[in-house]
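Structure (structure tokens):
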């Protein structure tokens with residue numbers, strides 16, 4: 111395939127992915143917004159008024175970046191895992207794999223679709239948060255970069271989950287038993303400086319900690335971890351997940367009958 115044909119193939123997959131989640135926006139875009147609004151009211155307004163400040167900011171300002179990141183990563187993940195497994199279940203993924211399209215184009219198309227949904231939800235939740243608090247962005251470049259990298263990473267994770275899933279029930283196992291605990295323990299609602307030294311060290315294993323803190327640094331200018339190390343960890347996880355996802359597509363594991 112030449113460059114133009116490759117671009118058309120990528121564009122086709124991306125447009126299909128965007129149309130898929132925008133067509134059923136009541137199921138894909140509205141629920142996360144309602145959920146985040148409840149988080150803002152309960153954790154930010156009701157509980158936050160009793161907690162006071164954290165990191166030199168009101169509790170509402172402190173948790174907003176974490177909640178935005180939580181919505182971004184969960185939706186980027188959900189978009190790819192549901193779409194890819196749906197195509198796998200319908201066996202349409204086999205047609206893509208035998209078509210004269212490089213596997214990296216297929217991978218890039220699905221990942222771009224997940225990124226598009228993650229960015230869309232992130233923007234909506236950010237605008238929603240302005241009704242509850244004031245945000246003064248400190249580092250626009252850092253903020254945008256972290257959102258993009260996080261969306262890419264969790265889109266890759268969603269694709270890997272979809273490859274191994276054998277039923278629609280399997281695509282909910284990772285979000286329920288892995289993603290949700292890591293999110294809640296990733297510094298969304300608290301600073302890890304409040305933890306004892308041992309648990310601070312344990313928290314360093316959680317990749318979501320670096321994403322939340324890097325994004326919080328971009329918005330508020332504060333972080334519990336070194337910002338350069340945080341970016342390094344995120345990029346490292348992307349490289350590992352991307353290489354593994356490509357390996358699965360090239361091998362066709364669980365994709366070709």
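Residue numbers (my numbering): 111 to 367. Positions of the beta carbon are idealized from the N, C-alpha and C atoms, including for glycine. These numbers were taken from a predicted model, which means no experiment stands behind them.
Exercise for review: Could you tell me the distance, in whole angstroms, from the CA atom of residue 139 to the CA atom of residue 256?
Suggested key: 21 Å
Practice item. Give the straight-line distance between the Cα atoms of residue 207 and residue 163, rounded to the nearest whole angstrom. Key: If I take the Cα positions, the gap works out to 53 Å.
Point to revise | DSSP state of residue 193 mapped onto helix, strand, coil | key: helix
Point to revise | Contacting residues, own chain, Cβ-Cβ under 7 Å from residue 114 (five flanking each side not counted) | key: There are no such residues.
**Study point:** Residues bridged to residue 127 (per DSSP)
**Key:** Paired residue(s): none; residue 127 is not in a bridge.
**Study point:** Sufficient close CB pairs (3 or more, under 8 Å) joining the segment 341 to 359 to the segment 304 to 324
**Key:** yes
Check your understanding: Cβ atoms of residue 126 and residue 185: under 8 Å apart, would you say?
Key -> no
Review point. Helix, strand or coil: which one does DSSP assign to residue 168?
Key: strand
Check your understanding: Three or more C-beta pairs closer than 8 Å, one from the segment 264 to 275 and one from the segment 185 to 202: is that the case here?
Key -> yes
Practice item. With residue 325 as the anchor, note down where its alpha helix (DSSP H) starts and where it stops. Key: In the DSSP assignment, residue 325 falls within the unbroken alpha helix (DSSP H) covering 317 to 330.
Point to revise | Residue burial classification, residue 349 (beta-carbon count within 10 angstroms, cutoff 16) | key: exposed
Review point. For residue 176, which residues of its own chain have a beta-carbon under 6 Å away from its beta-carbon, when the five flanking residues on both sides are left out?
Key: 298, 322
**Study point:** Residues near residue 326 by beta carbon distance below 7 Å, same chain, minus five either side
**Key:** The answer, listed in chain order, is 175, 176, 332, 333.
**Study point:** Candidates 276, 165, 158, 121: closest to residue 301 by CA position
**Key:** 165
Exercise for review: Measure the Cβ-Cβ separation of residue 149 and residue 268 and say whether it is below 8 Å.
Suggested key: no
Check your understanding: If you count every other CB in all the chains shown that lies within 10 Å of the CB of residue 232, and 16 or more means buried, which is it?
Key -> buried
Review point. Does the separation of the CB atoms of residue 64 and residue 124 fall below 8 Å?
Key: Only positions 111 to 367 of the chain appear in this structure, which leaves residue 64 out of reach.
Check your understanding: Tell me the DSSP bridge mates of residue 163?
Key -> 168
Point to revise | alpha helix (DSSP H) segment containing residue 243, residue limits | key: For residue 243, there is no enclosing alpha helix (DSSP H), as DSSP gives it neither H nor E.
Point to revise | Residue nearest to residue 121 in terms of C-alpha spacing, selected from 218, 295, 307, 263 | key: 218
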